[in-house]
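Chains as they are written, first to last, in my numbering: chain A, 32 to 558; chain B, 32 to 558. So the structure is just underneath, and the comments pick up after that.
Number of protein chains: 2
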Amino acid sequence: MNLTGTSFLGSHRGTATGTVFRAKNPANGEDLQPAYHAAGPEEVDQAVKLAAEAFQVYRNVSGKARAGFLRRCADALDAHKQELAERAHLETALPMARLTGEVGRTSNQLRLFASVVEEGSWVNARIDPALPDRQPLPRPDLRSMLRPLGPVVVFGASNFPLAFSVAGGDTASALAAGCPVIVKAHPAHPGTSELVAALITEAVAAESLPPGTFTMLFDAGIEVGTALVKHPMVAAVAFTGSLNAGRALMDLAAARPQPIPCFTEMSSGNPVFVLPSALRKSPAELAKNLFGSFTLGAGQFCTKPGVVLVPEAPGAQAFFDELKALVEQSASFDLLTEGIARTYRRGTAQRAARVPLAASSSMPTPHGETAANAQLFAACLDQLIEEPELAEEIFGPDTLLVHCGTAEDYLRAAQSLQGHLTATLLGDEDDLLSHRALIQVLEQKAGRLLINGFPTGVEVGHAMVHGGPYPSTSDPRFTSVGAQAIYRFAKPVCYQNFPQSLLPAELQDSNPLGIRRLREGRAESAG
Amino acid sequence: MNLTGTSFLGSHRGTATGTVFRAKNPANGEDLQPAYHAAGPEEVDQAVKLAAEAFQVYRNVSGKARAGFLRRCADALDAHKQELAERAHLETALPMARLTGEVGRTSNQLRLFASVVEEGSWVNARIDPALPDRQPLPRPDLRSMLRPLGPVVVFGASNFPLAFSVAGGDTASALAAGCPVIVKAHPAHPGTSELVAALITEAVAAESLPPGTFTMLFDAGIEVGTALVKHPMVAAVAFTGSLNAGRALMDLAAARPQPIPCFTEMSSGNPVFVLPSALRKSPAELAKNLFGSFTLGAGQFCTKPGVVLVPEAPGAQAFFDELKALVEQSASFDLLTEGIARTYRRGTAQRAARVPLAASSSMPTPHGETAANAQLFAACLDQLIEEPELAEEIFGPDTLLVHCGTAEDYLRAAQSLQGHLTATLLGDEDDLLSHRALIQVLEQKAGRLLINGFPTGVEVGHAMVHGGPYPSTSDPRFTSVGAQAIYRFAKPVCYQNFPQSLLPAELQDSNPLGIRRLREGRAESAG
Chain A
32 MNLTGTSFLG
42 SHRGTATGTV
52 FRAKNPANGE
62 DLQPAYHAAG
72 PEEVDQAVKL
82 AAEAFQVYRN
92 VSGKARAGFL
102 RRCADALDAH
112 KQELAERAHL
122 ETALPMARLT
132 GEVGRTSNQL
142 RLFASVVEEG
152 SWVNARIDPA
162 LPDRQPLPRP
172 DLRSMLRPLG
182 PVVVFGASNF
192 PLAFSVAGGD
202 TASALAAGCP
212 VIVKAHPAHP
222 GTSELVAALI
232 TEAVAAESLP
242 PGTFTMLFDA
252 GIEVGTALVK
262 HPMVAAVAFT
272 GSLNAGRALM
282 DLAAARPQPI
292 PCFTEMSSGN
302 PVFVLPSALR
312 KSPAELAKNL
322 FGSFTLGAGQ
332 FCTKPGVVLV
342 PEAPGAQAFF
352 DELKALVEQS
362 ASFDLLTEGI
372 ARTYRRGTAQ
382 RAARVPLAAS
392 SSMPTPHGET
402 AANAQLFAAC
412 LDQLIEEPEL
422 AEEIFGPDTL
432 LVHCGTAEDY
442 LRAAQSLQGH
452 LTATLLGDED
462 DLLSHRALIQ
472 VLEQKAGRLL
482 INGFPTGVEV
492 GHAMVHGGPY
502 PSTSDPRFTS
512 VGAQAIYRFA
522 KPVCYQNFPQ
532 SLLPAELQDS
542 NPLGIRRLRE
552 GRAESAG
Chain B
32 MNLTGTSFLG
42 SHRGTATGTV
52 FRAKNPANGE
62 DLQPAYHAAG
72 PEEVDQAVKL
82 AAEAFQVYRN
92 VSGKARAGFL
102 RRCADALDAH
112 KQELAERAHL
122 ETALPMARLT
132 GEVGRTSNQL
142 RLFASVVEEG
152 SWVNARIDPA
162 LPDRQPLPRP
172 DLRSMLRPLG
182 PVVVFGASNF
192 PLAFSVAGGD
202 TASALAAGCP
212 VIVKAHPAHP
222 GTSELVAALI
232 TEAVAAESLP
242 PGTFTMLFDA
252 GIEVGTALVK
262 HPMVAAVAFT
272 GSLNAGRALM
282 DLAAARPQPI
292 PCFTEMSSGN
302 PVFVLPSALR
312 KSPAELAKNL
322 FGSFTLGAGQ
332 FCTKPGVVLV
342 PEAPGAQAFF
352 DELKALVEQS
362 ASFDLLTEGI
372 ARTYRRGTAQ
382 RAARVPLAAS
392 SSMPTPHGET
402 AANAQLFAAC
412 LDQLIEEPEL
422 AEEIFGPDTL
432 LVHCGTAEDY
442 LRAAQSLQGH
452 LTATLLGDED
462 DLLSHRALIQ
472 VLEQKAGRLL
482 INGFPTGVEV
492 GHAMVHGGPY
502 PSTSDPRFTS
512 VGAQAIYRFA
522 KPVCYQNFPQ
532 SLLPAELQDS
542 NPLGIRRLRE
552 GRAESAG
């Protein structure tokens, strides 16, 4: 595919008149071709209007047809796996194997949502039939189901140029719900974004969907994103990125004349609680796995374990020594952008001023603007509790070990935590059973609790929760990964006393779609 | 029961030192005994801390035990029906029959949520079992379910002193979800509030629940409510009331260091679209039913039909004449508070300056401070579209007839609407079928669509939606009435690789609670 550098406005492309920016190869700092053009205010307005127009058709496209569209997108991604991964590799310096894997994850995600909307029961259909003879008043016939919200603005994330970007989970779940999507492309991988957008646009046309079902705007700054979130025809926002940017979008969405749902996934320290039995078992392996997890993707995962609590127990010293050795021996990393690298250097320098730096890898000399070294900090429990900001995320390959007297201290540590995406416990069943109270506290602090695993690696399935209390996300009632992510973009509508001819298929007596429904609150018997 | 005029702080009562206020009988303007005392800042903090403490226990109380508690509350309300209705009658001037009925509605609501949490499937349990041999990576065991959010602040509403107040739907659904409730009592019916709070407090003790499971604070102003919404230990807010107050709470909740969900149900014009066939059938009966609906509860229903579109068609004149006659002949009404009456007088005076007042009932002379007369305004379609604020709610016994050339104009009218709780169509099936496009638009404007009924009368069931786009509520994805109201106060938590011994009962392999669950996204077979 040829890259042109302009926005996607349904069946045509944007102008090449806006502010110019270029992607950079983080591995060597070189500019990549072509030049990209920020969308202007008219193009923002045009994209949203196209989406609003498309919504009037797309909202009534059947689940089966939406599934066909999503599968076509998935097939197109797979067919261009190599090309997509190569461009993403240039723009992110992430390894090719990771990126080809990420294409597969992205297409699988599209297929998961395809299967959800094709099956159709996700709409939560409920029927309370009329009771004309009820005393003192008859009951009308009441039926409800979920309907799509409207045009959704999706912000591409930098750290997963495919799976959390143009055709990522936000886009897939919004399209599945019946909402047109307007993507604000992340400026760190505009070429990858353009390639993916071209594939989705082709799929929109091939499925004869309205052109505004999918649009995408480029911008190097915040103008386009701000204008999108403030646009009166936008119904919801989905974002993955930093706390500062996410909170700014939340505030914009809440301050609108008509506030709209704004799901932001922002920042998480992903605390790990090491119990004595885990140290006894194999301290060296534990160190190796932890190192692998916090440096995976150069530490640029939302679920990077950034705080690790370790008790004074047999094996603790060996674990610590091994972890230090791994950090010291590691090569340097290329972060995704110069901005991320600057923030990492600032964040780790600030942390080093407050807690001891236990180990760090050396940096290549001369080092590029995106280079970063692995860093291991160490603090004691009281310091963490007194300075809870130590549990906050630094985006990059660092982690903070917190030395605790005993695992009994964990309860106090857990109570001091803010909201996180995940919390992890490592230990055998006996150890875990004696920490039930800790698990109870962590359940209030994180959206996903893991036992004997590491939080990086977010499975895309029906039971996944990738969410959590603020500041990990804007609203703990939702997830941005997994089948349940669709619920961010739908609202219930109740139909009272509707004749069969006017009811959506999902609510008709004959249940033509054969979906699971509730009748008077109980599962309707099949048939 | 004796009324003491002080707040409820778990197992003890608040002090009688705060600002004093008294309820007023709207029928005669007389102060009612006893004096009520606003809670001070320490009491606010105490109530929230008690709730936060109680949450650590109450969140793990089984659905069955929560159901027992809710049923005990319901039984207590029923046992005190007469006493509650009598006090509420003094404080609201609403008819006794309506108020005894409202006690029954309130206890039924508690029983509905009891049945929901006793049955238990509402938690949306999902199981994706481990796939240890999956390539390229094994899948961990993932299970998720809904867990309670934390302490919920409930603002009692003035217009339903029982069903939307201390033990109303917000309280019932939050307690059902496993969240302690802190009620900010509405100052218009403090005695009714105190009676109900005493019954709930007794039920808390009788069920051996932690005292902070339920607390209630009095205030005549906004200090207590503001402090509650800003309190860091509060997890969510539920409110029914005016647009101004609701939006202020939304803004407060969004501006917190840690923003929290704030469900506000605020303002709705509840448009009614009269199709020609409805006029042909029985214009006089239509007028009578509409009059009954917009003056029910003196027009102080969230679902009062405030905008009625009528085409130029046979029967239209008869309908209009009959409606005018009904309005002119009606007696005056007592509104709930002097403040509501002032707002009604101001709102109707402002409307009368812009559109013709077609009819009004006369006021008694001399009239009390809460007196209001029924008013019927009339405008033409173009005026409604040019001045969309004409569709906004005036809280009281008025409505606005909008004369349209033909029912074909309805599409344009519907497109100009903001968000409403309900939208209604009146007409025969042929007429309705020819207005499918109108129904499609209305689905985007309201949470409940009614055919051939009137919107007042909100059934409390499994399929009800009492919600809608802003400004009718803060978030169209939720409802504040019906079984689904519980979803405002719960969040999903995912358990990864948990041993059976540490999983909640809802997620254990043996399904000891026998609830409906999804396994790999499909309904688990019974057994």
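C-beta atoms are modelled at their ideal positions from N, C-alpha and C, and glycine is treated no differently. Just so it is clear, the structure is predicted and the values come from calculations on it, not from any experiment.
Anticipated Cβ contact below 8 Å, residue i with residue j, distance rounded
{"i": "F520 of chain A", "j": "S204 of chain A", "result": "6 Å"}
{"i": "S505 of chain A", "j": "G277 of chain A", "result": "7 Å"}
{"i": "V472 of chain A", "j": "L442 of chain A", "result": "6 Å"}
{"i": "A267 of chain A", "j": "P292 of chain A", "result": "5 Å"}
{"i": "Q515 of chain B", "j": "R479 of chain A", "result": "Not really, about 25 Å apart at Cβ, beyond 8 Å."}
{"i": "S38 of chain A", "j": "F245 of chain A", "result": "With a Cβ gap of about 12 Å, S38 of chain A and F245 of chain A do not count as contacting."}
Coarse secondary structure for residue i, derived from DSSP in three states
{"i": "A82 of chain B", "result": "helix"}
{"i": "C333 of chain A", "result": "coil"}
{"i": "Q527 of chain B", "result": "strand"}
{"i": "F249 of chain B", "result": "coil"}
{"i": "K522 of chain A", "result": "strand"}
{"i": "Y67 of chain B", "result": "strand"}
{"i": "V268 of chain B", "result": "strand"}
{"i": "R90 of chain B", "result": "coil"}
{"i": "F350 of chain B", "result": "helix"}
{"i": "I291 of chain B", "result": "coil"}
{"i": "T257 of chain B", "result": "helix"}
{"i": "I482 of chain B", "result": "strand"}
{"i": "I546 of chain B", "result": "coil"}
{"i": "E296 of chain B", "result": "strand"}
{"i": "E233 of chain B", "result": "helix"}
{"i": "D506 of chain B", "result": "coil"}
{"i": "D540 of chain A", "result": "coil"}
{"i": "G558 of chain B", "result": "Any answer about G558 of chain B is weak, because its pLDDT of 44 lies below 50 and its placement is not dependable; what the coordinates show is given next. Residue state, collapsed to three classes: coil."}
{"i": "A47 of chain B", "result": "coil"}
{"i": "R454 of chain A", "result": "This sequence places Ala at residue 454 of chain A; Arg is not what is there. Strand at A454 of chain A."}
Residue i versus the options, residue with shortest Cα-Cα distance
{"i": "A54 of chain A", "options": "A:N33, A:A251, A:A237 and A:A236", "result": "A:A251"}
{"i": "L81 of chain A", "options": "A:P241, A:L469 and A:C293", "result": "A:P241"}
{"i": "L327 of chain B", "options": "B:K112, B:E343 and B:P486", "result": "B:P486"}
{"i": "R287 of chain B", "options": "B:V305, B:L274, B:S273 and B:V265", "result": "B:V265"}
{"i": "G45 of chain B", "options": "B:V524, B:L367, B:V75 and B:L321", "result": "B:V75"}
{"i": "M32 of chain A", "options": "A:A228, A:P502 and A:Q531", "result": "A:A228"}
{"i": "C52 of chain A", "options": "A:P65, A:P263 and A:G458", "result": "At residue 52 of chain A the sequence reads Phe, which differs from the Cys that was named. F52 of chain A has its Cα closest to that of A:P65, out of A:P65, A:P263 and A:G458."}
{"i": "G71 of chain A", "options": "A:G256, A:P182 and A:T455", "result": "A:G256"}
{"i": "P454 of chain A", "options": "A:A444, A:D462, A:D461 and A:E460", "result": "Contrary to the premise, residue 454 of chain A reads as Ala rather than Pro in this sequence. Looking at the Cα atoms, A:A444 is the closest of the given residues."}
{"i": "G209 of chain B", "options": "B:Q113, B:A98 and B:G272", "result": "B:A98"}
{"i": "L306 of chain A", "options": "A:L457, A:A124, A:T137 and A:F529", "result": "A:L457"}
{"i": "L534 of chain B", "options": "B:A78, B:R157 and B:V358", "result": "B:R157"}
{"i": "S273 of chain B", "options": "B:S42, B:F294, B:V339 and B:V303", "result": "B:F294"}
{"i": "V183 of chain B", "options": "B:T202, B:S175 and B:P171", "result": "B:T202"}
Neighbour list for residue i in chain E, Cβ cutoff strictly below 7 Å
{"i": "H493 of chain B", "result": "Within the model displayed, chain E is absent; protein chains A and B are what it includes."}
Next on the checklist: Any contact between the segment 192 to 199 of chain A and the segment 132 to 141 of chain A? By contact I mean 3 or more CB pairs, one from each, below 8 Å.
Outcome noted: yes
Next on the checklist: Report the start-end ranges of each beta strand (DSSP E) in the segment 391 to 436 of chain A that is 3 residues or longer and not cut off at the edges.
Outcome noted: 406 to 411 and 429 to 435
Checklist entry - Are the segment 544 to 555 of chain B and the segment 295 to 304 of chain B touching, with three or more C-beta to C-beta distances below 8 Å? => result no
Next on the checklist: Three or more C-beta pairs under 8 Å: does that hold for the segment 392 to 403 of chain A against the segment 365 to 377 of chain A?
Outcome noted: yes
Item to check | Any 3 or more C-beta pairs closer than 8 Å across the segment 336 to 351 of chain A and the segment 467 to 474 of chain A | outcome: no
Checklist entry - Is the segment 227 to 239 of chain A touching the segment 98 to 110 of chain A in the sense that three or more CB pairs, one from each, lie closer than 8 Å? => result yes
Checklist entry - Along the chain, which unbroken stretches of the alpha helix (DSSP H) at least 4 residues long are found entirely within the segment 113 to 183 of chain B? => result 127 to 150
Checklist entry - Can you find at least 3 beta carbon pairs, one from the segment 177 to 191 of chain A and one from the segment 522 to 531 of chain A, that sit closer than 8 Å? => result yes
Checklist entry - At which residue ranges does the segment 186 to 239 of chain B contain complete alpha helix (DSSP H) runs of 4 or more residues, listed in the order of the chain? => result 200 to 208 and 221 to 237
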